[in-house]
Structures are given as structure tokens and as C-alpha cells.
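So the protein sequences, as listed, match chains G and D. Note that the UniProt record's numbering has the first sequence beginning at 1, numbered continuously upward. Note that the UniProt record's numbering has the second sequence beginning at 1, numbered continuously upward. Built from N, CA and C at the ideal position, the CB exists for glycine as well. Owing to the predicted nature of the structure, the values given are computational and were not obtained by experimental measurement.
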Amino acid sequence: MLKLYDTEVRSRLLLGTARYPSPTILAEAVRRAKAEIVTVSLRRETAGGKAGGAFFELIHALGVHVLPNTAGCHSVQEAVLTARMAREVFRTDWIKLEVIGHHDTLQPDVFGLVEAARILTGEGFQVFPYTTDDLVVAEKLVEAGCRVLMPWCAPIGSAMGPVNPMALRAFRAHFPDVPLIVDAGIGRPSHAAGVMELGYDAVLLNTAVAGAGDPAAMAEAFALAIDAGRLAHAAVPLEPRDMAVPSTPVIGKAVFS
Amino acid sequence: MTFIINGEEQEIAATTLADLLSALDYEGEWLATAVNGELVHREDRAGFTLGARDRIEILSPMQGG
Numbered sequence: 001m002l003k004l005y006d007t008e009v010r011s012r013l014l015l016g017t018a019r020y021p022s023p024t025i026l027a028e029a030v031r032r033a034k035a036e037i038v039t040v041s042l043r044r045e046t047a048g049g050k051a052g053g054a055f056f057e058l059i060h061a062l063g064v065h066v067l068p069n070t071a072g073c074h075s076v077q078e079a080v081l082t083a084r085m086a087r088e089v090f091r092t093d094w095i096k097l098e099v100i101g102h103h104d105t106l107q108p109d110v111f112g113l114v115e116a117a118r119i120l121t122g123e124g125f126q127v128f129p130y131t132t133d134d135l136v137v138a139e140k141l142v143e144a145g146c147r148v149l150m151p152w153c154a155p156i157g158s159a160m161g162p163v164n165p166m167a168l169r170a171f172r173a174h175f176p177d178v179p180l181i182v183d184a185g186i187g188r189p190s191h192a193a194g195v196m197e198l199g200y201d202a203v204l205l206n207t208a209v210a211g212a213g214d215p216a217a218m219a220e221a222f223a224l225a226i227d228a229g230r231l232a233h234a235a236v237p238l239e240p241r242d243m244a245v246p247s248t249p250v251i252g253k254a255v256f257s
Numbered sequence: 001m002t003f004i005i006n007g008e009e010q011e012i013a014a015t016t017l018a019d020l021l022s023a024l025d026y027e028g029e030w031l032a033t034a035v036n037g038e039l040v041h042r043e044d045r046a047g048f049t050l051g052a053r054d055r056i057e058i059l060s061p062m063q064g065g
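Here is the structure:
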């Protein structure tokens, strides 16, 4: 079981809810992924409160935990207010904290992120910070009260997969007891399996599933890959070697000349 | 009175936040409200008196990653 603050879940795949071709396909993707946590957001309501309500009823019917985000917030003030409003709506202390620092890369503003995390944990929020793979920033987030860390592996929606596996490996080694979720940048199930093989606790995905030709099938593929990667990590994989090592024993080999 | 509602200037006959939501046909428990950058809890809307040109944000759930 994966313990995130006071909540235990079996699934290691956290699924975003945006960009699906239809609500029906979103629901099917969540089911086939066996996801127990989905991310949601807040936006200005323009239809008398009915559009947002319809979406939330869909999510509620799935019987999953909801992780609201502060996506699109570019300042501490915006992120903190959005988190407070999310708690009002979703009635959860969980918040996926994003403070965006760069328009093109959607790289987090890590200085603002730490400041916002400190304010929100002080108000009883359970913060899931979307951060970089910088160890020093992560230490500051833990000092600020974060009990989960969510480093990116590549820019949001880029589908590049881990661009710096060495940094992810160091991150895992540096925080052996903090649940670590790779958030952002994963494009294919093999990427997800790869970070799980490094010992990560879970993966958070959206575009890689929602943007696939068959999102529900891709959701299941990711779930299988994540389970495979986790099992492989537990089984202790071989480290790469520079030279060949024969797999067939040479003892007793016939000599013909 | 003139308010800035979700970024747009509107003239609405309302003295409290609850009046304003009702006048604009906003309904449902899935709404969150803020006035001038501060959260106003659901239970406080009826007693929250608005002033001219207050900036009001009305948010609701939507899809997110």
C-alpha cells in the first residue's frame, strides 16, 4: 500500500482528468487504470454553477480520492488563494501545489513554491508539491512540512520521459523515506516503468493517457507498466556493465580442435 | 452597484455576496467565492456586504492534470 499523508491506496497511478475526448472516455480510463486518485482543478464558472457541478458529479461517481491542483498559478498569492478555494469546494486538505515560473517550460517557481508550501502546511493543508529534481529545493519543501514530493522528469505535457535519470536516482537516494511521485513529462508506459524501477513510489499522468489514440487502453497499459516497474525494483535489477558476460556456462564446453 | 465579476465589469442590484450569486443564477454547492483576493466561505456569503467595484471571483470544479 502507498501511504500519502493519512491515506493509503493500492494504485500507484495518479491520473489527471483533463484533455480527454469525452467524459465517458475519462471515466473508462480511470476504471481501466484502476486509479484511486485523480487530479482536478478550479476555474471561473460561467454557467450559473452548473458546468462545474456536472463535472464534479462525474468524478464523485467514480469513487476516487480527489487531488485538486493550483495549475496556472504564477504567484504565491494566487496559488494560496486557489488552494483555499479548492478546499472549500472539494472538502479535502490535499492540494497539488503548482507555482509556475516560466511560460514556455512550465518550470515551477521553486522559491514561490517553498513559500506557498510553508503558508499552506501552516493552515493544515497536506501539500503535494510539483517541483524540479533539485535536492536543495526538495529539502526546503520537506522543512516546510511537505510529506510527499513530486519531481518532474521532463516539462509538463512534453512526453519526453526522464531527461535526467541520474538526478532522479539521486533524488530517490536522498529521500528514502518520503513518498516520491514522478509528476510531469512521462509519455509512454516504458517511461513509467523506468522511474518505478528507480524506486519511485508512484507516477502522476495526464496528457500521455488523454492524448493517446485510445486513452482507456493506454491507461491500462500505464497501470501494467507501473506494476511491472515496481516489481522489478523490488527484485533488484542488474546494473549495466561495460563488457560482455556469457550467460551460458563455459565449464564442460566441448573442445573440437 | 458595479462589480468586477470573474474579470468582467457588471452592474448588479445586490448588497451581499449571497444576493449577487442569486441574482446571477449561480447555484450549487460546488462553488467557491473570493472577494478582493480573500476567500469568502459558503456560510459567510449571506452576511458578506459588498462594496462598489469589489473584485469577485466565482470558481467551480473543472478538469485538471
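- Counting C-beta atoms within 10 angstroms of its own C-beta, residue 96/G has 16 or more neighbours from the protein chains shown and is therefore classed as buried.
- Within 9 Å of the CB of residue 77/G, the CB atoms of chain D belong to 37, in sequence order along the chain.
- A Cβ-Cβ distance of about 7 Å is found for the pair residue 154/G and residue 162/G, placing them in contact under the 8 Å criterion.
- Contacts between residue 10/D and chain G, judged by CB atoms closer than 9 Å, are missing: the closest CB pair is about 12 Å apart.
- For residue 85/G, the C-beta contacts it makes with chain D under 7 Å involve 32, 34, 39, 59, in order along the chain.
- Taking a contact as a CB-CB distance under 8 Å, the pair residue 22/D and residue 52/G does not count as one, their CB atoms being some 17 Å apart.
- Inclusion of residue 116/G and residue 99/G in the CB contact set at 8 Å is warranted, their separation being smaller than that value.
- Judged by DSSP secondary structure, residue 39/G falls within the beta strand (DSSP E) whose first and last residues are 37-44.
- For residue 107/G, there is no enclosing alpha helix (DSSP H), since its DSSP letter is neither H nor E.
- Contact of residue 42/D with chain G by beta-carbon distance below 7 Å involves 88.
- Look at residue 68/G here: in three-state DSSP terms it is strand.
- In this structure, residue 15/D and residue 50/D form a Cβ contact; the two beta carbons are roughly 6 Å apart against a cut-off of 8 Å.
- In terms of Cα proximity to residue 57/D, the closest of 39/D, 30/D, 63/D, 29/D is 39/D.
- For residue 218/G, the closest of 229/G, 230/G, 205/G by C-alpha to C-alpha distance is 205/G.
- If you check the CB distance, residue 45/G and residue 31/D come in under 8 Å.
- Close to residue 51/D, with beta-carbon spacing below 7 Å, lies no residue of chain G; the smallest spacing is near 19 Å.
- Here residue 221/G is buried. Its C-beta has 16 or more other C-beta atoms within 10 Å.
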